[in-house]
Amino acid sequence: MPELAEVEYFRRQWDSGFGSLVIAVASHPKMRVFRGTDVAALQKALTGARLLGSEGHGKQMLFRFSGGASLGIHLGMSGRLRAEATGMSPGKHDHLMLLQEQRSLVYCDPRMFGRLRLAVGNGVPEWWRNLPPTVISPAFTRTLLAEQLMRRRRSPVKAALLDQDLFPGVGNWMADEIMWQIKMHPATRAGDLNVLQQHDLWRVSRRICRTALKTIGVDWSEPPKNWLIHRHWQKRGRCPRDGTLLDHGTIAGRTTVWCPVCQKGAAQPG
DNA sequence: TACTCTGTTGAATA
DNA sequence: TTATTCAACAGAGT
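So, in structure tokens, the structure goes:
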């Protein structure tokens, strides 16, 4: 589920815990989500610490605690965050629970492709430094995009959209949404875009990120009715623009949906 | 039963 | 060597 806006929504689910102490930490310490992380150290660092705030960057999140500890969370394919009333015991997939006086902050992840990590001491964690510019930031310039498209000139544009170093936070549905809104076949080679197409990609990807953050990211409300996302997982979905039966296939290793009429003109996959 | 999946990684391949 | 594709991870839903 979680792409840019979904991650932002889940990050806010822990806002109610800001300013409160973590009384105890419950975990499933042997689960895959803790790979590479010392769970005992994590429990020790967070127990008795106060949750100060959080930041998001693409699909990554950082939660800051008093005493200098930072908890990094990536939701993977099926991770979620929620706040529960106190007294709940962890469910099968609730791999980390931060117990506070008024609530419990829960990380749940059935498939465990997500990841939890800890940094202690003051300063920015090593894994939170040198992050690429977010799509909606001023540093995400047309020039930067053009350079990166040229570097990956032989790969499909869809693969470039899924590259977290270039479009942090963009995932499968957002990539398909962007390609559909700019009316370009997702298998188009990155190096084949002319200047106008590059500009379209830049402008539309920023607009889609902003709009998704304002809807899904705030309260899980629906993005605009005419977006492709609403037809994306329908078995026989039709293009919101022209009603054509949507085509689907695997591009850049991922399920991809596109309209064969308004997104034609590029090389076919395979 | 068999096949799907909104993600990332490291190995295999071109 | 460099860039891209693929299999693996693990569980739930169809």
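Each residue of the first sequence is one higher than the last, beginning at 1 in this note's numbering. The beta carbon of each residue, even a glycine, is placed where N, CA and C say it ideally should be. All figures in this text were calculated on a predicted structure; none of them were measured in a lab.
With a floor of 3 residues, list each beta strand (DSSP E) that falls wholly inside the region 83-125, ordered by position along the chain. Counting only runs of 3 or more, we get 94-99, 104-108, 115-119.
At 4 residues or longer, what runs of the alpha helix (DSSP H) sit wholly inside the region 135-209? For the region 135-209, whole alpha helix (DSSP H) runs of length 4 or above, ordered along the chain, are 142-151, 157-162, 172-181.
Tell me Gly-72's beta-bridge partners as DSSP assigns them. On the first sequence, position 72 is the one that residue 72 refers to. Per DSSP, Leu-62, Arg-117.
N-terminal and C-terminal residue of the beta strand (DSSP E) that Val-257 is part of: Here residue 257 refers to the residue found at position 257 when the first sequence is read from its first residue. Counting along the chain, the beta strand (DSSP E) containing Val-257 begins and ends at 254-258.
Alpha helix (DSSP H) segment containing Ile-251, residue limits: The residue you call residue 251 lines up with position 251 of the first sequence. Counting along the chain, Ile-251 falls outside any alpha helix (DSSP H), though it belongs to the beta strand (DSSP E) covering 247-251.
Whose C-alpha, out of Ile-178, Gly-58, Gly-72, is nearest the C-alpha of Arg-64? One-based indexing of the first sequence puts residue 64 at position 64. Ranking the options by Cα distance to Arg-64, first place goes to Gly-72.
Which of helix, strand or coil does DSSP assign to Val-25? As a first step, residue 25 must be located in the first sequence, where it is residue number 25. Val-25 falls in the strand class under three-state DSSP.
Exposure of Ser-59, with buried meaning 16 or more beta-carbon neighbours within 10 Å: Taking the first sequence and counting its residues from 1, one reaches residue 59 at position 59. Residue identity differs from the one stated: residue 59 is Lys in this sequence, not Ser. Buried, by the Cβ-count rule.
Opposing strand residues paired with Leu-81 [DSSP bridges]: The residue you call residue 81 lines up with position 81 of the first sequence. Tyr-107, per the DSSP bridge assignment.
For the putative contact between Arg-103 and Gly-17, defined by C-beta atoms under 8 Å, what is the C-beta separation to the nearest angstrom? The sequence position of residue 103 within the first sequence is 103, counting from 1. The sequence position of residue 17 within the first sequence is 17, counting from 1. Confirmed, about 6 Å.
Between Ala-190 and Leu-201, what straight-line distance do the alpha-carbon atoms span, to the nearest angstrom? Working through the first sequence from its first residue, we reach residue 190 at position 190. Working through the first sequence from its first residue, we reach residue 201 at position 201. The alpha-carbon atoms of Ala-190 and Leu-201 are separated by roughly 11 Å.
Start and end residues, alpha helix (DSSP H) containing Gly-217: The residue you call residue 217 lines up with position 217 of the first sequence. Here the alpha helix (DSSP H) through Gly-217 covers 216-219.
Sorted by chain position, which residues of the same chain lie with C-beta nearer than 6 Å to Lys-92's C-beta, five sequence neighbours on each side aside? Locating residue 92 in the first sequence gives position 92, where the first residue counts as 1. Residues of the same chain with a CB within less than 6 Å of the CB of Lys-92, apart from the 5 flanking positions on each side, do not exist.
Own chain residues within Cβ distance below 6 Å of Asn-226, not counting five before or after: Mapped onto the first sequence, residue 226 falls at position 226. These residues qualify, in order along the chain: Pro-240.
Could you give the DSSP three-state label for Arg-238: helix, strand or coil? Indexing the first sequence from 1 puts residue 238 at position 238. Reduced to three states, the DSSP call for Arg-238 is strand.
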